[in-house]
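The next block holds one structure in the form of structure tokens; read it before the comments.
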């Protein structure tokens, strides 16, 4: 089957974005176009698509459309429990012609759907997006919850945990967070361990800052007591440095 070409009604760069996304829409699936041979029905909305493209992109659709399932010969396939705007974003992301942009508004839904329908290429694109995306506490936790369901890369999970632990969240608030309660024991333990490591580093840094401030205050006090006291303090510090380096006193 020849590759399908964009529908004549495909939107251009000045089109109004769909309600889920600020990304520019590339294709319009609302009407039959260029040899489309299947309709996906989601929330009473109809998407005219191509069996071959779905089968090539997704092993799940391939089994559905080529095995002994009722969908093999069906002209319409309902997708219960799915959201129409998210399926539309998914179709725009897997169809050829233009690589649809992953953005703030569609990233989580595209990652979920790419895992469900085994769209490995789209899943990899989503993971790359999240590697550099700034996240709030809840977004970072939500991502780790999602990661444990779909076995996302450990590097990405680790980065999300680091983003979470670097934000100011006390233990009582964390325990009450519904997302935290959904974590598997290994992830919740890892999250707490990362938080402890982060706080230990902060504590070490604070101690170093306190020591520096004490030294500055001591120098100021010596200045207040006149040049003799300052000279005595200077000589003592010089002597300590020499002893640390095992150098002879000049």
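Numbering (the numbering used here), first residue to last: -15 to 234. Idealized CB from N, CA, C, for every residue including glycine. Note that the coordinates shown come from a computational prediction; the quantities given were computed from them, not determined experimentally.
Unbroken alpha helix (DSSP H) run spanning residue 141, endpoints
In the chain shown, the residue the question calls residue 141 occupies position 157. Its alpha helix (DSSP H) spans residues 138 to 149.
Assess, as a yes-or-no matter, whether the segment 86 to 99 is touched by the segment 68 to 76 under the definition of 3 or more beta carbon pairs within less than 8 Å.
As far as the Cβ criterion goes, the segment 68 to 76 touches the segment 86 to 99, which means the pair count is three or higher.
Using a 10 Å radius around the Cβ and a threshold of 16 neighbouring Cβ atoms, would you call residue 155 buried or exposed?
For the purposes of this step, residue 155 is taken as the residue at position 171 of the chain shown. Looking at its Cβ environment, which holds fewer than 16 other Cβ atoms inside 10 Å, residue 155 is exposed.
Tell me whether the beta-carbon of residue 102 lies closer than 7 Å to the beta-carbon of residue 23.
Sequence index remark: in the chain shown, residue 102 carries index 118 (1-based). Sequence index remark: in the chain shown, residue 23 carries index 39 (1-based). No, they are not a contact pair.
Option nearest residue 150 by Cα separation, candidates 159, 120, 157:
Here residue 150 refers to the residue found at position 166 when the chain shown is read from its first residue. The candidate whose alpha carbon is nearest that of residue 150 is 120.
So the candidates are 146, 135, 147, 129; which of them puts its Cα closest to the Cα of residue 165?
Translated into the one-based positions of the chain shown, residue 165 becomes position 181. For the set 146, 135, 147, 129, the Cα lying nearest the Cα of residue 165 is the one of 129.
Going along the chain, which residues of its own chain have a beta-carbon closer than 6 Å to the beta-carbon of residue 144, five neighbours each way excluded?
Counted from its first residue, the chain shown places residue 144 at position 160. Exclusion of the five residues before and after residue 144 leaves 124, 127, 128 as the residues of its chain whose Cβ lies within less than 6 Å of its Cβ.
Enumerate, from N- to C-terminal direction, the unbroken beta strand (DSSP E) stretches of 3 or more residues contained entirely within the segment 12 to 56.
Correct list: 22 to 26, 29 to 33.
Residue 98 and residue 110: beta carbons closer than 7 Å?
As a working mapping, residue 98 is identified with position 114 in the chain shown. As a working mapping, residue 110 is identified with position 126 in the chain shown. A contact, by the Cβ cut-off of 7 Å.
Beta-carbon separation (whole angstroms), residue 168 vs residue 132, contact threshold 8 Å
What you label residue 168 is simply residue 184 of the chain shown in a count that begins at 1. What you label residue 132 is simply residue 148 of the chain shown in a count that begins at 1. At roughly 5 Å, the Cβ-Cβ gap stays under 8 Å, so residue 168 and residue 132 are in contact.
Please say whether residue 31 and residue 13 have beta carbons closer to each other than 7 Å?
Against the chain shown, residue 13 aligns to sequence position 29. Against the chain shown, residue 31 aligns to sequence position 47. Cβ distance < 7 Å, so residue 13 and residue 31 count as in contact.
Determine whether the beta carbon atoms of residue 68 and residue 29 lie at a separation below 7 Å.
For the purposes of this step, residue 68 is taken as the residue at position 84 of the chain shown. For the purposes of this step, residue 29 is taken as the residue at position 45 of the chain shown. Their beta carbons are under 7 Å apart, which means residue 68 touches residue 29 by this criterion.
Which value, in whole angstroms, describes the spacing of the CA atoms of residue 192 and residue 180?
In the chain shown, counting from the first residue as 1, residue 192 sits at position 208. In the chain shown, counting from the first residue as 1, residue 180 sits at position 196. Approximately 18 Å, taken between the alpha carbons.
For residue 107, is the classification buried or exposed, using 16 other Cβ atoms within 10 angstroms of its Cβ as the cut-off for buried?
Counting from 1 along the chain shown, the entry for residue 107 is found at position 123. So residue 107 ends up on the buried side.
Quick one: residues in its chain with C-beta nearer than 6 Å to the C-beta of residue 194, no 5 flanking neighbours on either side, listed in chain order?
Looking up residue 194 in the chain shown gives position 210. Within the same chain, residue 194 has no close Cβ partners at all.
How would you write the range of the beta strand (DSSP E) that residue 60 sits in, first residue to last?
Mapped onto the chain shown, residue 60 falls at position 76. Residue 60 -> beta strand (DSSP E) spans 60 to 62.
Beta carbon of residue 63 nearer than 7 Å to that of residue 26
Taking the first residue of the chain shown as 1, we reach residue 63 at position 79. Taking the first residue of the chain shown as 1, we reach residue 26 at position 42. Taking 7 Å as the Cβ cut-off, residue 63 and residue 26 qualify as a contacting pair.
Can you give me the C-alpha to C-alpha distance between residue 40 and residue 46, rounded to a whole angstrom?
The residue given as residue 40 occupies position 56 in the chain shown. The residue given as residue 46 occupies position 62 in the chain shown. Straight across, the Cα-Cα distance linking residue 40 with residue 46 is about 7 Å.
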